[in-house]
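To start, the structure under review is shown below, and the notes come after it.
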């Protein structure tokens with residue numbers, strides 16, 4: 004699924020997580036803190 008993704012956003016508490024090597028954007032935090040904010044921002048731009 005990620006292979007065909009146009010943009011990859013990685014969210015992980017570990018700044019050394021391998022996903023950050025392939026992500027277009029990276030956020031070091033708990034996803035529980037970020038998802039509600041990200042959801043609202045996406046609604047704003049749609």
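Numbering (my numbering), first residue to last: 4 to 49.
The beta carbon of each residue, even a glycine, is placed where N, CA and C say it ideally should be.
Computed from a predicted model, the values in this text were never measured in an experiment.
Query: Endpoints, the beta strand (DSSP E) within which residue 38 is located; Result: Residue 38 -> not in any beta strand (DSSP E); alpha helix (DSSP H) instead, spanning 34 to 48.
Query: Collapsed DSSP secondary structure at residue 22 in the structure displayed; Result: helix
Query: Cβ-based neighbour list, residue 13, same chain, cut-off 6 Å, excluding 5 preceding and 5 following; Result: 22, 23, 26, 29
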